[in-house]
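For the sequence shown, our numbering assigns the number 545 to the last residue and increments by one with no breaks.
Glycine included, every Cβ here is placed at the ideal spot set by N, Cα and C.
Scroll down for the structure; my scribbles are underneath it.
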Amino acid sequence: MSSTSAETSSPKPDSEVIIIGAGVCGIYMLHRILKLGLDVTLLEAGDGPGGTWHWNRYPGARFDSESYTYGYSFSKELLQEWSWSEHFAAQPETLSYLKHVINKFDLQGHMQFDSQVKAATFDEEVGLWRLETADGRNLTCRYLLTAIGMLSAATEPRLEGLDSFKGESFHTYNWPRTPVDLKGKKVAIIGTGATGVQVIQSIADKVGELTVFQRRPNWCAPLNNSPIDDNEQVKIKASYDEIFARCQKTPGGFIHGPDRRDFASVSAEDRLAFWEDLYASPGFGVWLGNFRDVLTDVEANAEFSEFIANKIRGRVNDPAVAEMLIPTDHGFGSRRVPMETHYYEAYNRPNVHLVNVSDTPIDKITPKGIKTSDAEYEFDLIIYATGFDAITGAFDRIDITGKDGQKLRSKWDKGPITLYGMQVSGFPNLITLAGPQGASVSTNFPPGIESAVDWTADLIQYMGKHDYKQVEATPEAEEAWVDHVKEMYGHTLVSTAKSWFTGYNSNVEGHDILRHMVYFGGAPKYRERIAQIAENDYEGFDLS
Ligand code: NA7
2 MSSTSAETSS
12 PKPDSEVIII
22 GAGVCGIYML
32 HRILKLGLDV
42 TLLEAGDGPG
52 GTWHWNRYPG
62 ARFDSESYTY
72 GYSFSKELLQ
82 EWSWSEHFAA
92 QPETLSYLKH
102 VINKFDLQGH
112 MQFDSQVKAA
122 TFDEEVGLWR
132 LETADGRNLT
142 CRYLLTAIGM
152 LSAATEPRLE
162 GLDSFKGESF
172 HTYNWPRTPV
182 DLKGKKVAII
192 GTGATGVQVI
202 QSIADKVGEL
212 TVFQRRPNWC
222 APLNNSPIDD
232 NEQVKIKASY
242 DEIFARCQKT
252 PGGFIHGPDR
262 RDFASVSAED
272 RLAFWEDLYA
282 SPGFGVWLGN
292 FRDVLTDVEA
302 NAEFSEFIAN
312 KIRGRVNDPA
322 VAEMLIPTDH
332 GFGSRRVPME
342 THYYEAYNRP
352 NVHLVNVSDT
362 PIDKITPKGI
372 KTSDAEYEFD
382 LIIYATGFDA
392 ITGAFDRIDI
402 TGKDGQKLRS
412 KWDKGPITLY
422 GMQVSGFPNL
432 ITLAGPQGAS
442 VSTNFPPGIE
452 SAVDWTADLI
462 QYMGKHDYKQ
472 VEATPEAEEA
482 WVDHVKEMYG
492 HTLVSTAKSW
502 FTGYNSNVEG
512 HDILRHMVYF
522 GGAPKYRERI
532 AQIAENDYEG
542 FDLS
């Protein structure tokens, strides 16, 4: 840490703190700032709170995290009074939960909806951020805390004729609030990521015909969801301390942690038994509770990938369709594993068709439907499950200008550059909560953001106590962190696959290069590191 004693006389901002975003992260950040007794405003683009859970209303939207690890851990009372109905709750329940939290902690009065921030400029002279909203309002604040979501900038394909389609079409993120009539309809879906998989398995038996346009298949595994009965509810509520202690220990912040046995030291028979067990168990265990080597060693990965490939072959009746659903460009777990419920069986239905758009690419969207290189298809509805300009996209959509007129967009042109995913040098008092290169974007989100939010609240409190007005990452510390983030990519097979973990998105110009988006060192190490930094008077940050 370095500091200057220069006391700049700074005018009083409209709010000491502005938080952007009323999702899981923004809600908790608001609560913490209010507890510090600071004047705070939260601006949210949507017309209600919930972030991801406000927008993603598509059929089948639900957790892949165990519900009881997704709730906030900060309030024992909240944990005891809320009962999750399923091991992996669906979107409406999560949205109700977040609204319950807002009411309980009396947060609504500090939130302004329909308030999309278009631009944020750091005014060096007065040391304040100047914000501009889409509806033309101007606001100032000292601390700007972005809780703008890691998967909140939805991307439609860059295809000719997108607006020419005469039927209904939308991205899953913008699924209409009014019921969508699917009965008897000819429906197309583009995209087979975690979202597409949830939609396909949920609507296959509700539509007339469903045609899935798949570019690259993903390795999917059973979610094995079930309701939580009264007995289990009691057990869960009695064991929250252990549940969260467990989540604190695992690299991903889930209850599932890697099996550290050496893959090769376990007999083929025992490996198989272990894998069968994982495949039949709920949640991400099959991905994150597997032998560690499965995600780091090519041979172990190939063997497990073959295990899953055989599961797919066993579940899909038509061998040619089964082969189309088995990834060949990446190994299991190197991209985000979509969790499924009877997904593969959907392809056994006579009304579900699979089109491989790697072989026959989509030419364009036509007034009647979709034209590929070898056929034209007619539809009543087209669903774009085409993903997000992940993690940095929400930042790029705001015109953020730091010191010396530097644009965040330009600084991150070739990939994000941050210190702990929390700050960017040249952008004082901007805290990029759930930003790139932090741990929350690669882990179970609520535990991840709870540590980032707590760290931020402590920093702001520390600054108040010491009468500091400005905090800014130093370029040297930032460079060292980015190097470390890059190095961690080398320790996992994730770096071998093109996905949003590695910064690729064919629908966004320039996102065809490797970008180091997330921290793969694991949540415990990350937490330890940022706690240490705080203890060392925010080493790596300039406080003035
Ligand atoms: P993803 O995981 O990014 O998946 C997007 C899917 O859309 C994926 O199958 C893409 O194929 C496909 N896609 C994207 N653009 C196109 C075009 N232009 N043509 C054909 N296919 C396309 O997003 P999701 O919403 O499913 O999941 C995001 C996260 O939300 C998920 O990880 C969870 O954490 C929650 P590709 O694989 O790129 O070939």
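Q. Does the beta-carbon of Ser452 have 16 or more other beta-carbons within 10 angstroms, so that it is buried, or is it exposed?
A. Here residue 452 corresponds to residue number 451 of the sequence shown, with the count starting at 1. By the neighbour-count rule (16 or more Cβ atoms within 10 Å), Ser452 is buried.
Q: For Phe255, verify whether its CB is less than 7 Å away from any heavy atom of the ligand NA7.
A: Residue numbering aside, residue 255 sits at position 254 when the sequence shown is read from its first letter. Not one heavy atom of the ligand NA7 is found less than 7 Å from the C-beta of Phe255.
Q | Rounded C-alpha distance that separates Leu132 from Thr122 | A | Position 131 of the sequence shown, counted from the start, is the residue given in the question as residue 132. Position 121 of the sequence shown, counted from the start, is the residue given in the question as residue 122. Computed Cα separation, rounded: 7 Å.
Q) Is Asn508 near the ligand NA7, in the sense that its beta carbon is under 7 Å from a heavy atom of that ligand? A) In the sequence shown, the residue the question calls residue 508 occupies position 507. Flag set: Cβ of Asn508 near the ligand NA7.
Q.
Taking the straight line between their C-alpha atoms, what separation do you get for Phe233 and Glu277?
A. Translated into the one-based positions of the sequence shown, residue 233 becomes position 232. Translated into the one-based positions of the sequence shown, residue 277 becomes position 276. Residue identity check: residue 233 is Glu in the sequence provided, not Phe. Cα to Cα, the separation comes out at about 24 Å.
**Q.** Nearest-angstrom Cα separation, counted from Glu488 out to Ala205
**A.** Against the sequence shown, residue 205 aligns to sequence position 204. Against the sequence shown, residue 488 aligns to sequence position 487. Roughly 43 Å separates the two Cα atoms.
(Q) Which same chain residues end up closer than 7 Å to Lys186 when comparing Cβ atoms and leaving out the 5 residues on each side of it in sequence? (A) Counting from one through the sequence shown, the residue named residue 186 turns up at place 185. Excluding residues up to 5 positions away in sequence, Val208, Gly209, Asp381 and Leu382 lie with their Cβ nearer than 7 Å to the Cβ of Lys186 in the same chain.
Q) Sorted by chain position, which residues of the same chain lie with C-beta nearer than 7 Å to Pro14's C-beta, five sequence neighbours on each side aside? A) Translated into positions along the sequence shown, residue 14 becomes position 13. Counting only residues of its own chain and dropping the five nearest sequence neighbours on each side, Pro14 has a CB closer than 7 Å to the CB of Leu129, Thr141, Cys142 and Arg143.
Q. Whose CA, out of Gly406, Phe75 and Leu163, lies closest to the CA of Pro368?
A. As a first step, residue 368 is located in the sequence shown; it is residue number 367 there, counting from the start. Nearest C-alpha to Pro368: Leu163.
Q: Give me the Cα-Cα distance between Arg337 and Ala195, rounded to the nearest whole angstrom.
A: Here the question's residue 337 lines up with position 336 in the sequence shown. Here the question's residue 195 lines up with position 194 in the sequence shown. Their backbone Cα atoms lie some 8 Å apart in a straight line.
**Q.** Beta-carbon proximity check, Ala524 vs Thr444, cutoff 8 Å
**A.** Translated into positions along the sequence shown, residue 524 becomes position 523. Translated into positions along the sequence shown, residue 444 becomes position 443. Their beta carbons are under 8 Å apart, which means Ala524 touches Thr444 by this criterion.
Q. So what's Trp501 in DSSP terms, helix, strand or just coil?
A. The residue labelled residue 501 in the question sits at position 500 within the sequence shown. If DSSP states are grouped into helix, strand and coil, Trp501 belongs with the helices.
Q. To which residues of the same chain is Thr503 closer than 6 Å at the C-beta, ignoring the five residues directly before and after it?
A. Here residue 503 refers to the residue found at position 502 when the sequence shown is read from its first residue. Closer than 6 Å at Cβ, skipping near neighbours: Leu515.
Q: Quick one: grab the DSSP three-state call for Cys142.
A: Translated into the one-based positions of the sequence shown, residue 142 becomes position 141. Looking at Cys142 - three-state DSSP - the assignment turns out to be strand.
(Q) Can you find the residues in the same chain that come closer than 6 Å, C-beta to C-beta, to Ala310, ignoring five residues on each side of it along the sequence? (A) Residue mapping note: residue 310 aligns to position 309 of the sequence shown, counting from 1. The answer, listed in chain order, is Ile327.
(Q) Considering only heavy atoms of the ligand NA7, does any lie closer than 7 Å to the CB of Pro158? (A) What you label residue 158 is simply residue 157 of the sequence shown in a count that begins at 1. Yes, the beta carbon of Pro158 sits closer than 7 Å to at least one heavy atom of the ligand NA7.
(Q) Bridge partners for Gly370 per DSSP, in chain order? (A) Taking the sequence shown and counting its residues from 1, the one referred to as residue 370 is at position 369. Partner(s): Glu379.
(Q) In the DSSP assignment, the alpha helix (DSSP H) including Ile450 goes from what residue to what residue? (A) Residue 450 sits at position 449 when you count from the first residue of the sequence shown. Unbroken alpha helix (DSSP H) run through Ile450: Phe446 to Lys466.
Q) Nearest CA to the CA of His512: which residue from Ala391, Ser97 and Lys470? A) Walking along the sequence shown from the start, residue 512 turns up at place 511. Closest option to His512, Cα to Cα, is Ala391.
Q) Can you name the residues that DSSP bridges to Leu544? A) For this step, residue 544 is matched to residue 543 along the sequence shown. DSSP lists Val472 as partners of Leu544.
Q: Mind listing, in chain order, the continuous alpha helix (DSSP H) runs of no fewer than 4 residues lying wholly within the stretch 187-249?
A: 195-204 and 231-239
Q: Check whether the Cβ of Arg131 lies closer than 7 Å to any heavy atom of the ligand NA7, and answer yes or no.
A: Residue mapping note: residue 131 aligns to position 130 of the sequence shown, counting from 1. Relative to the ligand NA7, the beta carbon of Arg131 is positioned no closer than 7 Å to any heavy atom.
Q. What are the boundary residues of the alpha helix (DSSP H) that Trp56 is part of?
A. The count along the sequence shown starts at 1 and reaches residue 56 at position 55. Where Trp56 is concerned, the enclosing alpha helix (DSSP H) stretches over Thr53 to Trp56.
Q: Grab me the residues of Tyr59's own chain with a C-beta within less than 6 Å of its C-beta, minus the 5 sequence neighbours each way, in chain order.
A: Looking up residue 59 in the sequence shown gives position 58. Taken in chain order, the residues that qualify are Thr173, Trp176 and Val200.
(Q) With distance defined between alpha-carbon atoms, name the residue in Trp85, Arg410, Ala440 and Val102 nearest to Tyr29. (A) Residue numbering aside, residue 29 sits at position 28 when the sequence shown is read from its first letter. Per the Cα distances, Val102.
Q: Tell me, please, whether the stretch 245-257 touches the stretch 455-473 by the rule of three or more beta-carbon pairs shorter than 8 Å.
A: no
**Q.** Residues bridged to Trp130 [DSSP beta-bridge criterion]
**A.** Locating residue 130 in the sequence shown gives position 129, where the first residue counts as 1. Bridge partners of Trp130: Phe123 and Cys142.
Q. With respect to 7 Å, is the separation between the Cβ of Trp56 and the closest non-hydrogen atom of the ligand NA7 below this value?
A. Residue 56 sits at position 55 when you count from the first residue of the sequence shown. For the ligand NA7, not one heavy atom lies less than 7 Å from the Cβ of Trp56.
Q: Using three-state DSSP, classify His101 as helix, strand or coil.
A: Here residue 101 is taken as the residue at index 100 of the sequence shown, counted from 1. Helix, per DSSP.
Q: Could you please give me the residues that DSSP links to Tyr357 through a beta bridge?
A: Reading the sequence shown from its first residue, position 356 is the one you call residue 357. The residue asked about is misnamed: residue 357 is Asn in this sequence, not Tyr. In the DSSP output, where bridge partners are listed per residue, Asn357 has Gln215.
Q. So the beta strand (DSSP E) Phe275 belongs to, where does it begin and stop?
A. As a first step, residue 275 must be located in the sequence shown, where it is residue number 274. Careful: Phe275 lies outside any beta strand (DSSP E), inside the alpha helix (DSSP H) at Ala269 to Tyr280.
(Q) As a quick exercise: from Glu243, Gly192 and Glu304, pick the residue whose alpha carbon is nearest that of Glu270. (A) Mapped onto the sequence shown, residue 270 falls at position 269. The residue with the shortest Cα to Cα distance from Glu270 is Glu304.
Q: Could you tell me the boundaries of the beta strand (DSSP E) in which Ile19 lies?
A: Here the question's residue 19 lines up with position 18 in the sequence shown. Per DSSP, Ile19 belongs to the beta strand (DSSP E) from Ser16 to Ile21.
**Q.** Boundaries of the alpha helix (DSSP H) in which Leu409 is found, first to last residue
**A.** Reading the sequence shown from its first residue, position 408 is the one you call residue 409. Leu409 -> alpha helix (DSSP H) spans Leu409 to Lys412.
Q | Beta-carbon proximity list for Ala91, same chain, < 7 Å, skipping 5 on both sides | A | For the purposes of this step, residue 91 is identified with residue 90 of the sequence shown, where counting begins at 1. Non-local C-beta neighbours of Ala91 in its own chain, meaning closer than 7 Å and more than five positions away in sequence, comprise Ala62 and Arg63, ordered along the chain.
**Q.** Gln81 classed as buried or exposed, judged by whether at least 16 other C-beta atoms fall within 10 angstroms
**A.** Taking the first residue of the sequence shown as 1, we reach residue 81 at position 80. When all chains shown are included, Gln81 counts as exposed.
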